[in-house]
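Per the numbering used here, numbering through the sequence shown is continuous, rising by one, with the last residue being 120. Accompanying notes for the structure given below.
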Amino acid sequence: MHRQTWKLSLLVLVVATLIAVAACGAKQESGTDFPAFVYKSAESLQGYRLAVANADMLKALPCYCGCVRSTPPHKHLYDCFINDDGTYDDHASSCDVCVRETKDAVQWQKEGKSLNQIRDLIDQKYQETGDPTDTPAP
-17 MHRQTWKLSL
-7 LVLVVATLIA
3 VAACGAKQES
13 GTDFPAFVYK
23 SAESLQGYRL
33 AVANADMLKA
43 LPCYCGCVRS
53 TPPHKHLYDC
63 FINDDGTYDD
73 HASSCDVCVR
83 ETKDAVQWQK
93 EGKSLNQIRD
103 LIDQKYQETG
113 DPTDTPAP
């Protein structure tokens, strides 16, 4: 019986170590320590990683999720991920629109589209989704 307890303890230790290593690997990959709410889903994590890496672009794009009605109102897509004081906003962790817009914008940028073209594509694709933020054109 003592031998079974020892084996179970070893198994728990191995599993805990694997989980800890996997969690550290995810954070090391992005180079950023995110708050727990970012890890709500793989989509959320991808959105925050892209937002951190593409801040200037997202600051030039409106968000169509309706966050313009937030208090305080969001000014652009980047506000859905990062607050003015540099802390992470939990809004995008639960908002599919914010994450989809970000993924689309980054994909279009990879395809060689200009910021103005990306803005036009975002406006065309998401205009029926909700009220946009009051983001000046680039």
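Even glycine gets a Cβ: it sits at the ideal position worked out from N, Cα and C.
Element boundaries [alpha helix (DSSP H), containing residue i]
i, result
"Asn98", "Leu97 to Tyr108"
"Thr84", "Asp78 to Lys92"
"Ala24", "Ala24 to Ala35"
Cβ-based neighbour list, residue i, same chain, cut-off 7 Å, excluding 5 preceding and 5 following
i, result
"Thr84", "Gly29, Leu32, Ala33, Leu40 and Leu59"
"Val20", "Ser26, Leu27, Tyr30, Tyr70 and Ser75"
"Gln106", "none"
Nearest neighbour of residue i, chosen from the options [CA to CA]
i, options, result
"Thr14", "Cys45, Asp38, Tyr70 and Asp66", "Tyr70"
"Ile104", "Ala35, Phe16 and Cys45", "Cys45"
"Thr53", "Leu43, Pro118 and His73", "His73"
"Ser23", "Val81, Cys49, Ala35 and Arg51", "Val81"
"Pro118", "Phe16, Pro17, Leu43 and Ala35", "Leu43"
"Pro17", "Glu93, Ser96, Gly68 and Gly94", "Gly68"
Cβ separation of residue i and residue j, assumed to be a contact under 8 Å, to the nearest whole Å
i, j, result
"Pro120", "Asn98", "6 Å"
"Asp102", "Lys57", "Contact flag wrong, Cβ pair sits at about 19 Å."
Short Cβ contact (8 Å threshold) for residue i with residue j
i, j, result
"Thr111", "Val79", "yes"
"Gln91", "Ile100", "yes"
Sequence-distant residues of the same chain with beta carbon closer than 6 Å to residue i, five excluded per side
i, result
"Cys77", "Cys47"
Contact set for residue i: own chain, Cβ-Cβ below 8 Å, skip 5 residues either direction
i, result
"Phe37", "Sequence inspection shows Ala at residue 37; the Phe mentioned does not correspond to that position. Contacts found: Tyr60 and Ile64."
"Arg51", "Asp113"
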